[in-house]
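According to UniProt numbering, numbering within the sequence shown proceeds without interruption in unit steps and concludes at 647. Accompanying notes for the structure given below.
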Amino acid sequence: MNSLDMLAYRLFGKKVSSNIEGHKLLRGNIRKARIAVPVDYYICSAYLYSLCSGIFGAFVGLIIGGHVANIFEIQRFFISTDHMPYVLPAFSVIFSLILFVGTAWITFRLFLHYPLIKANIRQSYIDQSLPHGVAYMYALTKSGGVTVHDAFRSLSEHSHVYGLAADEFGYIVRDMDYFGMDVLSAIRNCSSTTSSTNLKAFLDGILFVISSGGDLNSYLRSKTDQFHLDATKQQKTFLEMLGVLAEAYVAVFVVGPIFMIIILVVFGFMGSGSMPILYTLIYLLIPVGTLFYLVLLSTISNNSVDTHSTIVKNKLNSFPDVRINEKTDVDDALIGRLLHNEKVFRLKHFLAHPFASVKKDPSCIFYITIPVGIIYLLYIIDTNSITLNLSLIGFKLHNMNIEGAMVLDDYVMFATLLVFVPFVIFYESKARRIRSMEDEFPEFLNRLASINEAGILLIDAINMVAQTKIGVLQSEVRRMQKGLSWGQDLSSVFMEFESRVKTTMNSRIITLLVKASESTSDIIGVLHIAAKDAELQQNLRKERSTEMAVYLFIVYISFAVFLFIIYVLTAYFIPSIPNTTDMAAGMPLNINFDPDEFFMLFFHASLIQGFCSGLVAGQMGSGNLAAGVKHSMIMMLTSYVIFTLLI
C-alpha cells in the first residue's frame, strides 16, 4: 500500500468499515486475484481514485463544453436572445457535472470489477501450467523419498518455470512456514481461495488422500494422466474460440473498414465533408482497433514459443562462521563502479560481437536498425525539403501537404523494411531452430530411457546418443557430452543446456530432470515422465499450428480482397469521376476533390491494414506477436508493389 491508499483510508475508512459485511463477494474476488490489499483499503482507494477521475472529467467538461455546444448548435433551441450570453457557460457547467458523475461512476465500477477480471485471467494461466506442475510433483515423489510438503516447496521455488500454478503452491508453503499451519490446513486454505476450479479439485483430492492415508504417488500419476487429457480437450475449445475471433476480426477490421471506405468515398464526391472521417478511420480506428484485438488475443492465448530467459540468483553461504563487516559508502561506490563497468562490458561485447548477440536475442537488432532508419528518414526529409504541415491538435491531419507525403511514402516504406526485415531473418532462423529442437527432444528423452533400462548409466547413455543422428539437437547433445568428459556433473550439464535453449518447454523438462534426479533413484521413470510431458507440449503446439493454418490463410485472403477493392477504387473508380464543371454536367458532385489525396489515403490504408493483419496472423498462429512481423512485411511489400507497378 502506498501513501495514496493510506490517505484514502483516512478519508473514507469509517464509512467503509461500517458496511464492510456488504462486500463479501469483493473480498473473495480480491483473495482469488491475490491482490495484497485488505478489502476496506481497496474500497477506500476506489472512492479516492473515482473522486480524482471525476474532478478531472469535470475539468475537461469545462474546457470542451463550449465547443460541444457549438458543434450541436445548442443556441438554436433558445428563442429569446436575452439568454444567449448565458447559454454556453450554463451548458459547460452542466456538461462538466455530467462528466464528473460519469467518469467517477465508471472508475468506481471498474475498481469493483477489476479483481474478478484479474482472477479470471489468473485462472486461465493456472490451468495452463497446472498439468506440468503436477507432472513435476509426480516425478519428485515417484520413489517415495519426498514428502508432499517438500514437493510443494520445490515446485514453488520454480515459479519462473511453472508459472502461476507454482505460485499457488507457494501460498501453501507460506502458510506453513510463517503462519504455523499444518499441511492439511494450508492446503484447505489455498483450495478455498484459489481462482482455479481445476486446482481446487486437485487440492481437495490431495486432502482426501493424505487424510485417509492413501498412496499420494498413485494419485499424482492418475491426475497427471487426467490433466494431459484435459489439456488436449481445452486446446480444442481454445482453438474453436480462436476460430470465432478470427472470423470476427475479418468481419470487423477488414470487411468493415473497406465497406466504410467505399461509403465515405461516395459521400466525399457528393461534397458532404467526409474526408476527416476517412482520415480518422484509416489512421486511428484501424490501428487502435487492431491493438485492442491483439491485447484480447494475448490475454487468452497460451504462448507456446516463449523464448524469454530468467536468471535465478542463489545466495552462497559457504563461510557462515566468518565475520562480515558492515557496508560503507566506499563499498557502495565500488559496487556502483562494478555495475557500471558491467554495463560497459555488455555494450562492448555487443559492438564487438553483434552477430552472436543478435543470434541469441533477435530483438537486439533494433538497437542498430531503428537509429539507422530514423537517420535515413531525417536525411531524406532534409535533402528534399519535405514539409507535411501536420497538426495533431484538433486532429487536422487532413490538412497535410499531400505532395510532400506522397514523396515521403517510398522512403518510409524503405525505412520500415530496413528496420524490420533484419529482425524477421534472425527471429525466424532462431524460431525454426528452436522448433526443430523441441520436436526432437521427446525422442531424445525416450532414447535415454531405453538405454538406461538396459542397465547403462545415464552419463554413458548421453555419450551413446551423442554418436547417433538426432537432427539439430545433436550439436547440443555433443556439447553435453564434452561437459561430462571434462568432469562436470549431470545437473550442471543439463542446466547449461537449458540456458542455451531458452524455451518454456525446455526449462520445464530440464528442471524436472534435475530436481527429480536429486530426490529419486528411479531415473528411468523420471525420463519417461519428462518425455511424456514433452510430447504433450509438442502435440499441443503442432495441433494449434495445424488448426490455425486455415485461419492464417483466411487472413491472407481477406487482405487480398481488401487490397483488390482498394486497387479497383484507385485505378478505375477515382479516375472516372468528373473533376471539372463541364465534365460534371449538372451532376451533384464535388468537383474540388483531389485524386492524389485519395491515392495517398488508399495507399496508406493498404499499408496500415497489411501491417495490422500480419501481426494478428502471427498472434493467432503461434501466440507470439513477433511471429507476425514476417506476415506484416509480406503484406506491406505486396501493397507497395501493386501501388507502384500497377497503378
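Cβ coordinates follow ideal geometry from the N, Cα and C atoms, glycine included.
In this structure, Ala135 places its C-beta atom within 8 Å of the C-beta atom of Thr224. Residue burial is scored here from C-beta neighbours: Glu247 has fewer than 16 other C-beta atoms within 10 angstroms and is therefore classed as exposed.
Straight through space, the alpha carbons of Tyr125 and Asp329 are spaced by roughly 44 Å. Inter-segment contact for the region 22 to 31 and the region 86 to 99 is absent: fewer than three beta-carbon pairs are separated by less than 8 Å. Closest option to Ile94, judged by alpha-carbon separation, among Ser545, Ala531, Leu62, Ile566: Leu62.
Under the three-state reduction of DSSP output, Trp486 falls in the coil class, being neither helix nor strand.
The DSSP assignment places 458 to 466, 473 to 485, 490 to 500, 504 to 519, 523 to 568 as complete runs of the alpha helix (DSSP H) inside the UniProt domain "Type II secretion system protein GspF" (444 to 570), in order along the chain (cut-off: 4 residues). In the DSSP assignment, Asp596 falls within the unbroken alpha helix (DSSP H) covering 595 to 622.
Within the same chain, and ignoring the five residues on either side of Glu476 in sequence, the residues whose Cβ sits closer than 8 Å to its Cβ are Met437, Phe497, Arg500, Val501.
For Leu297, the uninterrupted alpha helix (DSSP H) segment begins and ends at 286 to 300.
In this structure Ala251 is exposed. Its beta-carbon is surrounded by fewer than 16 other beta-carbon atoms within 10 angstroms. Judged by their CB atoms, Ser517 and Ile523 are nearer to each other than the 8 Å cut-off. For Met241, the uninterrupted alpha helix (DSSP H) run begins and ends at 216 to 249, by DSSP.
When rounded, the separation of the alpha-carbon atoms in Tyr178 and Ser3 is 27 Å.
Residue nearest to Ser18 within the set Val37, Asp5, Ile43, Arg34 is Ile43 (criterion: CA-CA distance). Distance from the Cα of Ile529 is smallest, within the candidate group Leu513, Gly373, Arg544, Pro38, for Leu513. In the structure shown, Arg34 adopts coil according to DSSP, grouped into three states. With a threshold of 16 other beta carbon atoms within 10 Å, Glu168 meets it and is buried.
Per DSSP, Glu342 is one residue of the alpha helix (DSSP H) stretching across 329 to 352.
Residue Ile425 holds the alpha-carbon nearest to the alpha-carbon of Ile365 among Gly336, Lys469, Ile425, Ser192.
Residue state for Arg323 is assigned as coil, using DSSP reduced to three classes. In terms of Cβ geometry, Ala231 and Leu536 form a close pair [threshold 8 Å]. One Cα belongs to Pro575, the other to Phe603, and the distance between them is close to 15 Å. The C-beta separation of Val419 from Gly373 comes to about 4 Å, placing the pair in contact by the 8 Å criterion.
A distance of 8 Å or more separates the beta carbons of Val183 and Val161.
The three-state secondary structure of Val101, taken from DSSP, is helix.
Within a 10 Å sphere around the beta-carbon of Gly57 sit 16 or more other beta-carbons, which makes this residue buried. The straight-line gap separating the alpha-carbon atoms of Gly525 and Met480 is approximately 21 Å. Cα atoms of Ser485 and Ile434: separation of roughly 26 Å, rounded to the nearest angstrom. With a threshold of 16 other beta carbon atoms within 10 Å, Gly487 falls short and is exposed. Assigned with DSSP and collapsed to three states, Phe441 falls in helix. Taking C-beta atoms as the reference points, Leu220 and Tyr138 count as a pair closer than 8 Å.
For His158, the secondary structure class from DSSP, reduced to helix, strand or coil, is coil. Below 8 Å, enough C-beta pairs join the region 619 to 631 and the region 538 to 550 to call them touching: three or more.
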